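So the structure is just underneath, and the comments pick up after that.
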Amino acid sequence: MIVVDDVHKHFGGFHAVDGASLQIAEGSITGLIGPNGAGKTTLFNVIAGVLKPTAGCVSMAGEDITGLPPHTLFGKGLLRTFQIAHEFHSMTVRENLTMVPGGQSGEALWNAWFRRGKVAAEERELLKKADEVLEFLTIDHLRDEKAGNLSGGQKKLLELGRTMMVDAKVVFLDEVGAGVNRTLLNTIGDAILRLNSERGYTFCMIEHDMDFIGRLCDPVICMAEGKVLAEGTIDEIKANEHVIEAYLGTGLKNKVTA
Ligand SMILES: Nc1ncnc2c1ncn2[C@@H]1O[C@H](COP(=O)(O)OP(=O)(O)O)[C@@H](O)[C@H]1O
Ligand SMILES: [Mg+2]
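Numbered according to my numbering, the sequence shown spans residues 162 to 419.
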């Protein structure tokens, strides 16, 4: 589904991504791990159109998408979750979801005046969809809560929920489990597995928690110093000499061998 071919991203003289190549198979939940500073987030930003690569290509389903802006990629079903922006904190969970899809008729003054019926029907559809998403994620009890009052884990679920308001094909998750308690982490994991199996979402996720990765991801790709070091099942990755070596210097050995 996604092919990353020899991507480089330089910041001044610093090579944050230094010739990374990888593939994300359609229907997979691909894990991306690696020590801090490996270039994982930078690579995500290149794939999702947030950063332009210094060199290299990214393609989706055979189409060159290198350097396309995020909203164009969004239209193709390639999504990267973002933290809920501060200005959305005072809106309810449900309102946050209905803000996602673009091109609503209600946005245009013309429509607001002359096609009220259509606008109202679209709003009803959106609200219905939002309620379905909340139910799917088992947070329907939080429907009318202000987003700013949610816990860290609940916010992550809402971010995931926003990808469900559009027709996502491939979703990039950057440390969705960071700082989330076990119970909510399981809920997030269940939602990812269900979106994958029931709705055909392909995922690529950066994560540090090896148990979480082991439960969800196959294959797992390890990056270090801007390059792809190894790819395999979680067990192969944990046993890989190069991977262990890459983590050793960072004091994270326990995380990878645990
Ligand atoms: N906008 C930027 N300008 C300069 N250096 C950056 C920028 N973004 C990231 N870096 C550097 O690139 C390296 C890789 O960062 P990042 O992609 O965030 O790594 P990871 O997500 O694997 O921890 C880091 O050393 C980071 O300091
Ligand atoms: Mg990162």
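The C-beta atom is built at its ideal place from N, Cα and C for all residues, glycine as well.
All values derive from a computational prediction rather than experimental measurement.
Starting from the Cα of residue i, find the closest Cα among the options and give me that residue.
| i | options | result |
| --- | --- | --- |
| Ala186 | Ala291, Asp379, Lys399, Leu390 | Asp379 |
| Thr394 | Asp292, Ile194, Phe249 | Ile194 |
| Val261 | Thr202, Glu248, Met325 | Met325 |
| Asn197 | Asn357, His369, Pro231 | His369 |
| Gly217 | Glu248, Ser189, Val164, Glu256 | Val164 |
| Glu327 | Leu287, Asp305, Leu354 | Inspection of the sequence shows that residue 327 is occupied by Val rather than by Glu. The candidate whose alpha carbon is nearest that of Val327 is Leu287. |
| Phe364 | Glu224, Leu229, Leu239 | Leu239 |
| Met371 | Glu386, Asp396, Arg360 | Asp396 |
| Pro231 | Leu183, Asn206, Glu406 | Asn206 |
| Asp335 | Ile208, Arg304, Gly188 | Ile208 |
| Arg241 | Thr253, Leu356, Val211 | Val211 |
| Ser358 | Leu346, Lys330, Gly375 | Lys330 |
| Arg343 | Val254, Glu224, Phe373 | Phe373 |
| Ile367 | Val332, Arg255, Lys289 | Val332 |
| Pro214 | His169, Gln184, Arg304 | His169 |
| Asp305 | Leu229, Asn257, Glu406 | Asn257 |
So, is the C-beta of residue i closer than 8 Å to a C-beta in chain D?
| i | result |
| --- | --- |
| Ile395 | The structure shown contains no chain D; it holds only a single protein chain. |
In chain order, what residues of the same chain lie with their CB nearer than 6 Å to the CB of residue i, ignoring the 5 residues before and after it?
| i | result |
| --- | --- |
| Leu204 | Val178, Ala181 |
| Gly174 | none |
| Leu298 | Leu318, Gly322, Ala352 |
| Leu356 | Tyr362 |
| Val219 | Val165, Ile208, Ile226, Thr227 |
| Asp167 | Gly180, Ser182, Gly217 |
Would you give the residue range spanned by the beta strand (DSSP E) that residue i belongs to?
| i | result |
| --- | --- |
| Met260 | No beta strand (DSSP E) contains Met260, which DSSP labels as neither H nor E. |
| Glu392 | 388–393 |
| Leu183 | 175–185 |
| Leu204 | Element bounds for Leu204: not the beta strand (DSSP E) but the alpha helix (DSSP H), 201–208. |
| Ser220 | 216–221 |
| Thr191 | 190–194 |
| Ala385 | 381–385 |
| Leu212 | Note, Leu212: premise wrong, no beta strand (DSSP E); not H, not E. |
Within its chain, find whatever has a CB closer than 8 Å to the CB of residue i; leave out the 5 residues flanking it on each side and keep chain order.
| i | result |
| --- | --- |
| Ile349 | Gly314, Lys317, Leu318, Leu321, Val337, Gly338, Val341 |
| Asp301 | Asp292, Leu295 |
| Met384 | Ala181, Leu193, Ile194, Gly195, Ala199, Gly200, Lys201, Leu204, Leu390 |
| Asn401 | Cys383, Leu390, Ala391, Gly393 |
For residue i, is the classification buried or exposed, using 16 other Cβ atoms within 10 angstroms of its Cβ as the cut-off for buried?
| i | result |
| --- | --- |
| Thr191 | buried |
| Leu311 | buried |
| Glu296 | exposed |
| Ala269 | Bear in mind that a pLDDT of 48 at Ala269, under 50, signals an unreliable position, so the model cannot answer this. |
| Phe172 | exposed |
| Arg255 | buried |
| Phe243 | exposed |
Span of the alpha helix (DSSP H) holding residue i?
| i | result |
| --- | --- |
| His232 | 231–236 |
| Ala407 | 402–409 |
| Ile374 | 371–377 |
In its own chain, which residues sit with a C-beta less than 7 Å from the C-beta of residue i, not counting the 5 before and 5 after it?
| i | result |
| --- | --- |
| Ser251 | Lys307, Gly309 |
| Lys388 | Asp179, Gly180, Ala181 |
| Val404 | Cys383, Leu390, Ala391, Ile398, Val417 |
| Met221 | Met162, Ile163, Lys237, Leu239 |
Kindly identify the DSSP beta-bridge partner or partners of residue i.
| i | result |
| --- | --- |
| Val168 | Ala181 |
| Thr363 | Val331 |
| Glu320 | According to DSSP, which records beta bridges pairwise, Glu320 is partnered with nothing at all. |
| Met162 | DSSP output for Met162 lists no bridge partner at all. |
| Glu296 | None; Glu296 has no bridge partner. |
| Lys307 | Thr253 |
| Arg241 | Phe333 |
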